[in-house]
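Only one structure is covered here, and it is reproduced in the block below.
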Amino acid sequence: VAAAPEAPPAVAGTVDDDGTADQGSGDAPAVPDDTAVPGAVDDDGTADQGSGDAPAVPDDSTPPASEDGAAAGALPADRSTGDIAGNDICDGYTGGISAIERPWRTGDGEAERVVDRLYSVESAEGTVGSDGVAATGFPGVYLIAQGEGTPDALAAPGVEPEPETQEHLLISVDGEVYPWVDLGAAETDEDPDENGVADSNPNAVIVVDPTPWSEPGDDEYALVADAGANTVWKVDPDFAEMDEDGLPGYEVSVFAAFPTTEGEPQFVPSSLAVDHRGHVYVGGVGGLAPGGASVARFDPEGGEPTAQWDGFTGINGLAVEPDGSHVYVSQIFGSEGPPAGTGNVVRVDTEEETWTSVDVPFPSGLALGKYGSVYVSAFSLLPADADDPTTTDVVEGGQVWRFSFAEDAEETPLPVTEATAPETPAAPETPAAPETPAAPEVPAAPEGGTGTDAGTTDPGTVAPAPAAGDGGTGAAPPALAPSA
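Count along the sequence shown starting at 1, add 88, and that's the number in our numbering.
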């Protein structure tokens, strides 16, 4: 197999036939007699026109875009990739969603890219991008939970995502992505966790069909786990009100909120699942404190939890059996949290309140399949930075694993990990009280005291008369002796 030619570097000052600056993804400087190359595709995704472009190279995967970079109302086309201003930060519309059709029939499933051009930022500090996806009752229509705005740790010159790509529930129709629900605005308006800080970070989304026997999509609604807002949002579509892009109107309400309590780990909802009775299960990160994460179960109407299982660590994925008998939890750093472990998937028997687990490196999203199969995103972290490693080396790009729990797996009573109470700072030492000066010594009473003369201590005692020759006069007390 012949090695593919490397993409030429970008040439400063040149312009490709899409009118944009050369990006080095299959393009070369313009030459006077440059002719079109049959079958070649330029970095705007259009056929080569011979105006300064060369044949596409295998890794040139920028999707087609219109003159303005995208269809009307859709997200912009890929803008930038590579380090920015020497800050080792890469951003661009390079994220996507892949699907594996009938995975239970294949050994190594073929992944098909079904959504492209999702905004993402990557650096040694972490990633920002699309965190969750859900299929709807309409073929080719997906809902996407798009993460928080670029945090301060990732801020750098040139990292300027369009506002509509962040803190949103996006909708993809036949591969074209549109901003739909502004969850950041909902958090600003309502502040359900009552902490006074506007913070939205959508992490997971599920589509709930309360009447699965009816026509698909008739009464479906979406639930979004917003880790930043400590809230699960409910989004009801309104198909009677359509916008210019053909997207339905919507109503956003609070399905469940987790108010913050000073000194306690926040719930931080990160994952969602629903059983066939409509009960909704919410997993929380719990601040990555060992034993500080929980799974809460809600009735279909939301409100207050009807059950809760505690003692997990860093929940980043959740699934439930249709009958609610078992809940599956991804602990991204394992039961002890970072940096002790590399992750596991825990199965909880909700009736017996016991658990068992399988080690999986840095697991995230979970799904259940046929015949007891569990599907999980593995290696869901970026590789560690060599200069400042926070995790062990991992496989770049991530994987999806399929496994089953053994029928005779050993079960252990909950909790998985005992929560450790935060240490109470020691009270400041109380300074020692100043020493009280000793009272002056009282001289011993003279022998023969009468109890009435000065210096005596035995009132009421009759003193005998002094003997002759003892130096006394019989009228005055003898001299006071020094005390012992």
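We treat Cβ as the ideally placed atom computed from N, Cα and C, and that holds for glycine.
Since the structure is predicted, the reported quantities are computational estimates derived from the model, not experimental observations.
Status (buried if at least 16 other CB within 10 Å, exposed otherwise) for residue i
i    : result
P298 : exposed
Q396 : exposed
Y459 : exposed
D387 : exposed
D115 : Residue confidence for D115 is low, a pLDDT of 44 falling below 50, so the modelled location carries little weight and cannot support an answer.
G573 : The question about residue 573 has no answer, for the chain in this structure spans 89 to 572.
E210 : buried
A310 : buried
G431 : buried
P427 : exposed
P290 : buried
E275 : buried
Start and end residues, alpha helix (DSSP H) containing residue i
i    : result
A273 : L271 to E278
Other residues of its chain near residue i: CB distance less than 7 Å, five sequence neighbours each side excluded
i    : result
A345 : P280, D281, N318 and T319
G375 : P353, Q354 and V356
Bridge partners - residue i, DSSP secondary structure assignment
i    : result
S418 : G405 and V433
V504 : None; V504 has no bridge partner.
R385 : Y369 and A395
V447 : Going by the sequence as given, residue 447 is Asp instead of Val. DSSP lists N432 as partners of D447.
A233 : G220 and L257
L360 : V370
E264 : V261
F400 : A381
N-terminal and C-terminal residue of the beta strand (DSSP E) that residue i is part of
i    : result
V296 : P290 to V296
F327 : T319 to M330
H256 : H256 to V261
G337 : P336 to A345
V578 : Outside the shown range of the chain, which is 89 to 572, sits residue 578, and nothing can be said about it.
V312 : Y309 to D314
G220 : S218 to A223
Y459 : No beta strand (DSSP E) holds Y459; DSSP gives it neither H nor E.
D179 : C178 to I188
F491 : Q487 to F491
Spatial neighbours of residue i in its chain, beta-carbon cut-off 8 Å, leaving aside the 5 residues before and after
i    : result
Y573 : Residue 573 falls outside the range modelled here, since the chain spans only 89 to 572, and no answer is possible.
P410 : D363 and H364
F450 : I420, F421, T430, G431, A466, F467, S468, L469, T479 and V482
Residues near residue i by beta carbon distance below 6 Å, same chain, minus five either side
i    : result
Q487 : A466 and F467
S218 : G183, L206, I232 and Q234
F327 : P336
Euclidean distance between Cα positions of residue i and residue j
i    : j    : result
V482 : G402 : Residue placement at V482 cannot be trusted, given a pLDDT of 47 that sits under 50; what the coordinates show is reported in the next sentence. One C-alpha to the other measures close to 18 Å.
Y181 : G263 : 14 Å
V462 : P353 : 29 Å
V296 : G399 : 27 Å
S445 : A384 : 19 Å
P267 : A494 : 43 Å
S492 : L406 : 16 Å
D307 : V293 : 16 Å
V362 : E332 : 33 Å
T349 : N283 : 9 Å
V436 : W192 : 23 Å
L360 : G371 : 6 Å
A313 : E498 : 32 Å
P501 : E439 : 11 Å
W443 : M330 : 47 Å
G316 : P300 : 31 Å
D475 : I232 : Residue placement at D475 is poorly supported in this model, since its pLDDT is 44, which falls under 50; the coordinates still yield a value, given next. Going from the Cα of D475 to the Cα of I232 covers about 34 Å.
H256 : D496 : 44 Å
G334 : V269 : 14 Å
Beta carbon proximity, residue i to chain D, threshold 8 Å
i    : result
E282 : Although the question refers to chain D, the structure presented lacks it and comprises just one protein chain.
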